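Engineer: Residue numbers (UniProt numbering): 1 to 209.
Cβ atoms here follow ideal geometry from the backbone N, Cα and C, with glycine treated the same way.
The structure displayed is predicted, hence computed values, not measured ones.
Following this message is one structure expressed as structure tokens.
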């Protein structure tokens, strides 16, 4: 179980690095797609290793309820990390497709990028420490990311700058999907700790007592 936990935690660290590099592609106009792709592929390979390890554990041992919750959630958590890596690569490819895009970056896109990066960081910490308090923060940030996405897309439809409109639409969509997976991950961590899928603040307060 310890080896499984460490492997998934490393996937989380790699996913955070992967996403940070993807942000640099459009915030700093850096060619990071090759690095992001390599990291993303490594995360994906580790996802399959996690699946194999879970299968071995289920065959060799008879997990108690708490361990079974951890094993079951490990699949969902490692999958979320693999999606973080895949969407990070998609983001990095936007620069490769449209060329330099720093002139298209605006305050709203920077804010959303920062929020999603914090969500990934909180997701990594939440699993590593089994800290369900992070889950509430992830949910709150996801609501804001979702709101920005749905408010901004109609505005981009009427944009006169086709390149920037396409670039921002793609990146916002990928950020929104990453935010969704961060929420799924936080639900999985909450299930490990409490046996329930969706955390609420009252339960977290009770769990801290």
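Counting C-beta neighbours from all protein chains within 10 Å, is the total for residue 139 16 or more, i.e. buried, or is it exposed?
Structural biologist: Translated into the one-based positions of the chain shown, residue 139 becomes position 139. Classification of residue 139: buried, given that the 10 Å Cβ count is 16 or more.
Engineer: Considering only their Cβ atoms, is the gap separating residue 27 from residue 105 smaller than 8 Å?
Structural biologist: By one-based count along the chain shown, residue 105 stands at place 105. By one-based count along the chain shown, residue 27 stands at place 27. Contact: yes.
Engineer: Do you know offhand how far residue 111's Cα is from residue 64's?
Structural biologist: Counting from one through the chain shown, the residue named residue 111 turns up at place 111. Counting from one through the chain shown, the residue named residue 64 turns up at place 64. C-alpha separation (whole angstroms): 43 Å.
Engineer: Measuring alpha carbon to alpha carbon, tell me which residue in 24, 66, 62, 12 is nearest residue 50.
Structural biologist: Within the chain shown, residue 50 is the residue found at index 50, counting from 1. Per the Cα distances, 12.
Engineer: With a 10 Å radius around its C-beta and 16 neighbouring C-beta atoms as the bar for buried, classify residue 85 as buried or exposed.
Structural biologist: Here residue 85 is taken as the residue at index 85 of the chain shown, counted from 1. The residue in question, residue 85, is buried, as its Cβ has 16 or more Cβ neighbours within 10 Å.
Engineer: How many angstroms separate the CA atom of residue 57 from the CA atom of residue 188?
Structural biologist: If you number the chain shown from 1, residue 57 lands on position 57. If you number the chain shown from 1, residue 188 lands on position 188. Their Cα atoms are separated by approximately 19 Å.
Engineer: Taking 8 Å as the threshold (C-beta atoms), are residue 171 and residue 109 in contact?
Structural biologist: The sequence position of residue 109 within the chain shown is 109, counting from 1. The sequence position of residue 171 within the chain shown is 171, counting from 1. Cβ atoms of residue 109 and residue 171: closer than 8 Å.
Engineer: From 23, 4, 198, 6, pick the residue whose C-alpha is nearest to that of residue 102; which is it?
Structural biologist: Walking along the chain shown from the start, residue 102 turns up at place 102. The residue with the shortest Cα to Cα distance from residue 102 is 23.
Engineer: Are the Cβ atoms of residue 127 and residue 77 separated by less than 8 Å?
Structural biologist: Here residue 127 refers to the residue found at position 127 when the chain shown is read from its first residue. Here residue 77 refers to the residue found at position 77 when the chain shown is read from its first residue. Taking 8 Å as the Cβ cut-off, residue 127 and residue 77 qualify as a contacting pair.
Engineer: For residue 25 and residue 81, I'd like the C-alpha separation in whole angstroms.
Structural biologist: Numbered from its first residue, the chain shown carries residue 25 at position 25. Numbered from its first residue, the chain shown carries residue 81 at position 81. Distance between the alpha carbons of residue 25 and residue 81: 20 Å.
Engineer: Since I believe residue 190 is in contact with residue 198 (beta carbons under 8 Å), could you give me their beta-carbon distance rounded to a whole number of angstroms?
Structural biologist: Taking the chain shown and counting its residues from 1, one reaches residue 198 at position 198. Taking the chain shown and counting its residues from 1, one reaches residue 190 at position 190. So it is a contact: roughly 7 Å between Cβ atoms.
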